[in-house]
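Written below as structure tokens is the structure these notes are about.
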Amino acid sequence: MPTLSSRAGRATLGVLTLTLSALTVVVAATSTPVRAADPVTVLSSGFEDGTVQGWARRGTVEVVENSATVAHAGTRSLLTSGRTASWNGPSRDLLATVTRGTRYTYSVWARAAAGAGSVQLRMSVERRWQGTANYEQVVNSTTVTDGGWTQLTGGYTLANDADFFAVYVETVSGTASFHIDDFSLSYLPPSPIQTDIPSLKSVFANDFPIGAAVGRPQLLAERGQLLAKHFNSVTAGNAMKWDATEPTEGVYTWTDADAIVAFARANAMKVRGHTFVWHNQTPAWVFNDANGQPMTATAANKTLLLSRLEAHIRAVGGRYADDVSAWDVVNEVIDENQSDGLRRSTWYTITGLDYIRTAFRVARQVAPKAKLFINDYNTNVQAKRDKLYNLVAQLKSEGVPVDGVGHQQHGNISWPTGAETDSMIATFLPLGVEQQITEMDVSIYTSNSESFTTPPADRLASQAARYKAWFDVFRKYKANITSVTLWGLADDETWLDSYPVSRKDFPLLFDVQLQAKPAYWSVIGAASPTASGPASPSASASPSPSPSRSPSASPSPSASASPSPSASRSPSASPSASASPSGSQAPASCRVKYTVTSQWNTGFQGDVVITNTGSAAVSGWALRWTFANGQVINQSWSSVYAQSGANVTITNAAWNATIGANGGTASFGFLSSWSGSNTAPVAFTLNGSACTLG
Ligand code: XIL
């Protein structure tokens, strides 16, 4: 989005949290998107009974009292006056009210006291565990006035251990008096995830790892299940940033990062480390001189800053040396409007280019197993990527160990195009570096003035097309792209809810109830099950889910009969079509393992592994079988499929044409329809020779 180039500094605290609701999860074996349940309100404070309803002052001097002066609804509200610090304000204990792992919506109406004019308020939570307090904003700075009521609404999931937990309202600065009224705390009952749809990681198994940026809430309950099912890579959205890991010099906090890494280990996921060096989310102390004053550009300060940088990378990179396979060593260092292309951050003004050189060299020493990336946004914009190219070329010529370029790929429904994305990747090929897509999302908005509370169907369709166009490019360049990561798990929680403006956004592949969106279906190469009906969010909002909206609609025979985008445009399919004419290959000795990895009412996903049991390599192959029950394949990956009646012929993709001798394997997957029964085939031939099973 064009506005990204003007992104403002963000002082954000890590997304928090944790879990476990004692709710029994009923796993419904259905891929029909579940409909939105009604929110459940667990606490409301209207102050109509004349009391403070459990609200109390945070400080020791301010006055929190019931007031009949103004009211949002009814005749009463809660007034806080006599404040002597900005953090003074009304607070409500919620420890016994919230369930860990459940995302709640916090809503309150606020208004400045008479005569106070305009005041900036925010709503936050305080969480304590064994004497250590954490403060996190639920609603960012919001202007309220003494002339009317303003609503503050935000979402928050308690995910960490806590022995104290409270919500509070404070001013951003100053001590103005203010009212609050009609506070409510509510949640959407969690929906079971769809267990019978293809997992993204299996669909892209032969292309690249597929990742999501997460916080601790995404490790828990249904969200944890969704993460483990679909993704084989994970990035900490905030938990490995400097403000999260070393908020005070030499004092490290690993709680959230450790939890994410442990989840990744338990689920055999890769970890992308994000990030050692950034101009945002870096504590102020880092840039203070020996006297605690903001650094000026002196030799002593340069030495001090680089030593802090080294110590930080040694600590964080060293801790996760066995776990992180790629680090965003530096993040967003390019400014294409500077003639030298370098962002004028404090890092740059104090050290010049040396912070980048030092960061990469120290990272290589301390995390030798990790690939080291330089990560940035808007790399699809030519002026920017050219500066990035020049910098990487220079660093490499100096011997600075840069392994790859990370493309954030934050976009929207109309930008960037597939062609722009193609150029983005192609630009860096001559450098011979790895490329990763590191923070992908597709906002449904193209301007800051738009706002929807539920996403319109046409936006979701455009979003699906945008994702599809990008993934077509990623697959085309899969030899050069070593990871593709989405910046979030599902639409229930995305950084775009507060950036570039506060409004609900829906930029990911799963909706607010964790159900597959049209974008998911387009990405896996299938037509959306909602394509011919209402789009899923509106469908899910309707009172009764229609059984006809099952994903079986997508793997229908008609999908393969018509030129479906997936079949006709899959880059992995096209090269092999010409590369491997079936029938011309040498006979083979083979074993075939055929697995139905998931099945829903009229569709299923199959995975097949071919093992070459012969003593000669197979070069170009065609695997044939006959379906017994009328199954019809409508998509395959890592292969090209053809079907005539019940007879199926699968030929290799260009890249897996050769199957090594004495146990070499080739794998592919497919989506197919079925009805009645779905018997697995038991007779396979490879290049005309019968294979054994298993
Ligand atoms: C974002 C996080 O997702 C938010 O939670 C936080 O408030 C701000 O940072 N580019 C980056 C990421 O490199 O680190 C940013 O992450 C999104 C933009």
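Residue numbers (our numbering): 19 to 712.
Just so you know, even glycine gets a beta-carbon here, dropped at the ideal spot from N, CA and C.
What did DSSP end up calling residue i once you bin it into helix, strand or coil?
| i | result |
| --- | --- |
| Gly632 | coil |
| Tyr153 | strand |
| Glu267 | coil |
| Trp639 | coil |
| Gln212 | coil |
| His297 | coil |
| Ser558 | The pLDDT assigned to Ser558 is 30, lower than 50, so where the model puts this residue is not dependable; a value taken from the coordinates is nonetheless given after this. Ser558 falls in the helix class under three-state DSSP. |
| Lys247 | helix |
| Trp167 | coil |
| Thr397 | coil |
| Glu438 | helix |
| Arg362 | coil |
| Arg379 | helix |
| Arg76 | coil |
| Thr456 | strand |
| Leu41 | The predicted position of Leu41 is uncertain, since its pLDDT is 27 and thus under 50; a value taken from the coordinates is nonetheless stated next. Reduced to three states, the DSSP call for Leu41 is coil. |
| Lys535 | coil |
| Glu416 | coil |
| Glu468 | coil |
| Leu390 | strand |
| Ser540 | helix |
| Lys288 | strand |
| Leu176 | coil |
| Asn306 | strand |
| Ser578 | Because Ser578 carries a pLDDT of 29, less than 50, the predicted location of this residue cannot be relied on, and the following value inherits that uncertainty. Ser578: helix per DSSP, three-state reduction. |
| Ala55 | coil |
| Asn715 | Nothing can be reported for residue 715: it is not among the residues displayed for the chain, which extend from 19 to 712. |
| Gln427 | coil |
Let me make sure I understand the geometry here. Which of the options has the alpha-carbon closest to that of residue i?
| i | options | result |
| --- | --- | --- |
| Phe196 | Thr168, Tyr174, Val221 | Thr168 |
| Trp643 | Phe524, Val658, Asn665 | Asn665 |
| Val347 | Ala317, Val295, Pro386 | Val295 |
| Cys608 | Phe702, Ala130, Ile368 | Phe702 |
| Val541 | Phe489, Ala86, Ala230 | Phe489 |
| Ser656 | Val418, Ser633, Ile628 | Ile628 |
| Val650 | Phe688, Asp476, Ala329 | Phe688 |
| Gln155 | Gln311, Tyr495, Ser516, Thr271 | Ser516 |
| Tyr153 | Leu176, Thr464, Thr160, Ala134 | Leu176 |
| Ala497 | Leu245, Ile443, Gly543 | Ile443 |
| Ala130 | Ile374, Gly92, Thr160 | Thr160 |
| Thr667 | Ile211, Thr367, Leu704, Thr78 | Leu704 |
| Ala13 | Gly694, Gly648, Val384, Thr445 | Since the first residue of the chain shown is 19 and the last is 712, residue 13 is not available in this structure. |
| Arg337 | His297, Tyr270, Thr314 | Tyr270 |
Quick one: does the C-beta of residue i sit closer than 7 Å to a heavy atom of ligand 1?
| i | result |
| --- | --- |
| Asn256 | yes |
| Glu457 | yes |
| Glu154 | no |
| Gln236 | no |
| Tyr395 | yes |
| Trp127 | no |
| Trp513 | yes |
| Gln427 | no |
| His292 | yes |
| Asn178 | no |
| Asn349 | yes |
| Trp643 | no |
| Trp433 | no |
| Trp505 | yes |
Locate the beta strand (DSSP E) running through residue i, then write down its first and last residues.
| i | result |
| --- | --- |
| Val347 | 342-349 |
| Trp488 | Careful: Trp488 lies outside any beta strand (DSSP E), inside the alpha helix (DSSP H) at 475-494. |
| Thr615 | 608-617 |
| Tyr186 | 182-189 |
| Val502 | 499-504 |
| Gln661 | 657-662 |
| Ile198 | 196-205 |
| Asn665 | 665-670 |
| Ala230 | 228-232 |
| Thr710 | 707-711 |
Output yes if chain B places a C-beta closer than 8 Å to the C-beta of residue i; else output no.
| i | result |
| --- | --- |
| Ala315 | Here there is only one protein chain, and chain B is not present. |
Ends of the alpha helix (DSSP H) at residue i?
| i | result |
| --- | --- |
| Ala282 | 273-284 |
| Ser325 | 317-337 |
| Ser220 | 218-221 |
Sequence ranges, beta strand (DSSP E) only - wholly within the segment 81-164, length at least 3 = You should have 81-85, 95-99, 108-111, 121-130, 136-147, 150-163.
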